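Remarks on the structure that follows.
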Amino acid sequence: MKYEMSIIDMGKMVESVVNELKPNVMRRGLTMTFSGAEGPYNILADSGKLNQVFLNVIDNAVKYTPKGSIAIKIERRQEGDKKMIRFSSKDTGVGMDQATLPKLFEKFVRASGAGEINITGTGLGLYVAKQIVEAHGGKIWAESEGKGQGSTFIMEMTETKPLAEQKKEAEVKTFAGEL
């Protein structure tokens, strides 16, 4: 798979996907919130492919939540010397048993409650999402307390400094090296 990398604002991308899916959320009688501190949340990514990941994860939350809410959040975290950006999608949907969680991102695997609420799909969406996230050097995983307890999908990516800031740092290093 070929990737066209550029610096993008992950927060704006997630907000755009949330807005795109809001009509479907409202039709289903659900509520969806989006929260996060002021951005930008810059990452180096292929915007088309990463957009596909957010669409898949958030759309799954909508499909697997027959009633209730979905909370989308974006935040910064410090992990050692790295600044990370964490996206999470927490729903009050059908949830998953603990046996399903480790296999969820494998080919053709679907959540254990899919058949109960007539959700159709190939079981490839989360597999592809994981491939894309890992190709970007990120991590994606799911958590659930069990069936009927909802699910949380979490994705972390390394924060990237804006290009202007990177250029300034390079100039400072070059200047310092000439002394």
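Following UniProt numbering, the numbering of the sequence shown begins with 1 at its first residue and continues without gaps.
Beta carbons: idealized from backbone N, C-alpha and C, even for Gly.
Remember, it's a predicted structure, so these values are computed and weren't measured experimentally.
- By the neighbour-count criterion, in which a residue is buried when 16 or more other Cβ atoms sit within 10 angstroms of its Cβ, Lys63 is buried.
- At the C-beta level, Gly36 and Lys67 stay beyond 8 Å of one another.
- For Val109, same chain residues with a beta-carbon under 6 Å away, outside a window of 5 residues either side, are Lys103, Gly123 in chain order.
- A check of alpha carbon separations from Ser88 across Ile8, Glu15, Ser6, Val128 identifies Glu15 as the nearest.
- Taking the C-beta atoms as reference points, Gly95 is found no nearer than 8 Å to Lys130.
- It is roughly 27 Å from the alpha-carbon of Asp59 to the alpha-carbon of Thr160.
- Looking at Glu156, Glu143, Lys139, Met32, the one whose alpha-carbon comes closest to that of Ser69 is Met32.
- For Phe87, the enclosing beta strand (DSSP E) covers residues 82 to 91.
- For Met155, the enclosing beta strand (DSSP E) has its first and last residue at 152 to 158.
- Assignment of Met1 by DSSP, reduced to helix, strand and coil, places it in the coil class.
- Residue state for Leu101 is assigned as helix, using DSSP reduced to three classes.
- Bounds of any alpha helix (DSSP H) do not take in Arg76; it lies within the beta strand (DSSP E) bounded by 69 to 79.
- Distances from the CA of Glu4 to each of Phe153, Asn56, Gly11, Ile132 were compared; the closest alpha carbon is that of Ile132.
- Secondary structure remark: continuous beta strand (DSSP E) runs of at least 3 residues inside the stretch 3 to 58, in chain order: 6 to 9, 31 to 36, 42 to 45.
- Residue Gly150 holds the alpha-carbon nearest to the alpha-carbon of Thr92 among Gly150, Val17, His136, Ala71.
- Where Glu134 is concerned, the enclosing alpha helix (DSSP H) starts and stops at 125 to 135.
- Here Lys63 is not bridged, per DSSP, to any residue.
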